[in-house]
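Novice: Encoded as structure tokens, here's the structure I'll be asking about.
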Amino acid sequence: MLKLLWARQTGLDNAFRLQRAESTRRVMNLELSKTFMVERHSEHSITTLDLDPVEMQYMISADSEGLIFIYHMNRAWDKPFHLPAKTCPAVASIAGTNPNNHRFAVQTVQWYPHDTGMFTSSSFDQTLKVWDTNSLQVADVFKFAHPVNCHHMSPIATKHCLIAVGTSNFRVQLCDLKSGSSTHTLYGHQKGVLAVRWSTRNEYLLATGSEDNQVRIWDVRKASAFLFSLDQHSRDVSRKPNQRACITAHNGHVNGLCFTDDGLHLLTSGTDHRLRLWNTDTGEHVLVNYGKVRIKRHVNLKFCMSSGCSPNVAFVPTDSNISVLDIYSGQLLHELVGHYGIVNCCVYHPLYQEVYSAGSDCNILAWIPDLGRCGEADDAEDRGTNKRCSAYQDAWSSSDDEG
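Structure follows, in structure tokens:
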């Protein structure tokens, strides 16, 4: 660490290398927090979480009974280990007494990407609801003919306010927040849509995963919309209509999608217990071997990725644990163990390199960097013995030593 500080101060190194190295150090040393707990409000399986991208202080959770809770993740809970643990209570809730609450399991909640005054939720009760955070009242409702499996708003869109919605039907619906109506429908999948995700690079690019084992990439500006389907057996993307039916991304239902922070790659998960990485420009299968990943959910799987690290990692719920995987090498770096049931979802906090997870044990757990181990990494780096992460290894060599 002292070497990085000195190199940054003297201008011998990139100013962002210290930030990247520290972010990587914290991600590699995550452990279950001893000083912070999220108060348990739900007695049912927690199905989804979302952290607001604006202030990064508020988190939403929803459960299998349609209940929604909002937490203020106050940084005042940072305290020495010898003090009692702090419990984070819910600051607001949409409980069973609210006449507007969902009647069945909520599958997805998401903050409006540009303001914490609004969030959305979708459920098996065939509705997607837009909520006013301040009044906890429904501002708009989109109704569908089939249960809603997932939805997503673009985190970077400036020219549209579309919500992509996947239902148990084979259609992908695009709902416009400005007009309050469903603008158009994307046809192409043969079975229910389990995952939808807007690109983090192109606001018009959309990825969808389905029970037909396919992942399709769409450009919503085009009349046909469909660009190509990802093929696990070929590195060349075929766009011929008569070959689309035989193209599959997984040997099971595609239940999870996540773009990398730069939007150049897409990570997909399937019920075949596999993860696959794709080039989003060409649709090429990158052929990274992640091994067998124990994915238990047959509905939408909410996993996440780190940002600003070297290497960036994916946090994937596997059984009752969270696997931490190097995105580009496929190496299993470590596992976060602490839940007593199946983990359904996890979210990453990019400012503090923390992870929050929830599952069927009704608990929300906070995984924070172990600063004690980070200090040990500093000592090891100074001694030249730290080999856990390449970000801390000294790439300089001495000609005297080589001689």
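Mapping to the numbering used here: the sequence shown position 282 is 601, numbers consecutive.
All residues carry an ideal CB built from backbone N, CA and C; glycine is no exception.
Start and end of the beta strand (DSSP E) containing Q426?
Specialist: V425 to W430 is the extent of the beta strand (DSSP E) around Q426.
Novice: First and last residue of the beta strand (DSSP E) that includes Y675?
Specialist: Here the beta strand (DSSP E) through Y675 covers E673 to G678.
Novice: Can the beta-carbon of K448 be found less than 8 Å from the beta-carbon of V460?
Specialist: The answer is yes: Cβ separation under 8 Å.
Novice: Consult DSSP for C664 and reduce its assignment to one of helix, strand or coil.
Specialist: Of the three classes helix, strand and coil, the one that applies to C664 here is strand, per DSSP.
Novice: Taking only three categories from DSSP, how would you classify C565?
Specialist: If DSSP states are grouped into helix, strand and coil, C565 belongs with the helices.
Novice: Measuring from the CB of V666, is there a heavy atom of the ligand ZN at a distance below 7 Å?
Specialist: Ligands in the displayed structure: none, and consequently the ligand ZN is not present.
Novice: Is A526 helix, strand or coil when you go by DSSP?
Specialist: If DSSP states are grouped into helix, strand and coil, A526 belongs with the strands.
Novice: Between the alpha carbons of C623 and Q426, how many angstroms are there, rounded?
Specialist: The alpha-carbon atoms of C623 and Q426 are separated by roughly 16 Å.
Novice: Candidates S361, L505 and A542: which alpha carbon is nearest T527's?
Specialist: With distances taken between Cα atoms, T527 lies closest to L505.
Novice: Would you kindly work out how many angstroms separate the C-alpha atoms of R707 and V607, rounded to a whole number?
Specialist: For R707, the predicted structure reports a pLDDT of 42, less than 50, and the residue's modelled location is therefore unreliable. A value from the coordinates is still provided. For R707 and V607, the distance between alpha carbons rounds to 21 Å.
Novice: To the nearest angstrom, how far is the alpha carbon of L644 from that of P418?
Specialist: Roughly 42 Å separates the two Cα atoms.
Novice: Checking 8 Å against the spacing of the C-beta atoms, do F388 and S361 come in under that value?
Specialist: Yes, the Cβ-Cβ distance between F388 and S361 is below 8 Å.
Novice: Could you name the residues that DSSP lists as bridge partners for H470?
Specialist: V484, per the DSSP bridge assignment.
Novice: For L684, does the three-state DSSP call read helix, strand or coil?
Specialist: Here L684 sits in strand by DSSP.
Novice: Which residue marks the beginning of the beta strand (DSSP E) containing T504, and which one marks its end?
Specialist: Unbroken beta strand (DSSP E) run through T504: S500 to L505.
Novice: Return the bridge partner residues of P636 from the DSSP annotation.
Specialist: Its beta-bridge partners are I641.
Novice: Distance check for A568 and T366, CA to CA, integer angstroms please.
Specialist: Answer to the nearest angstrom: the Cα atoms are 25 Å apart.
Novice: Can you tell me where the beta strand (DSSP E) with H391 in it begins and where it stops?
Specialist: Taken as a continuous stretch (DSSP letters only), the beta strand (DSSP E) holding H391 covers I387 to H391.
Novice: Using 8 Å as the cut-off, can you tell me whether the region 567-586 makes contact with the region 496-504, which would need three or more C-beta pairs spanning the two stretches below that distance?
Specialist: No: the two stretches stay apart, fewer than three of their Cβ pairs being nearer than 8 Å.
Novice: Beta strand (DSSP E) containing Q492: first to last residue?
Specialist: Looking at the DSSP string, the run of the beta strand (DSSP E) that includes Q492 is V491 to D495.
Novice: Between S440 and W430, is the Cβ-Cβ spacing less than 8 Å?
Specialist: No, the Cβ-Cβ distance between S440 and W430 is not below 8 Å.
Novice: Using 8 Å as the threshold, is the region 461-468 in touch with the region 481-492, meaning 3 or more CB pairs across them?
Specialist: The region 461-468 is in contact with the region 481-492.
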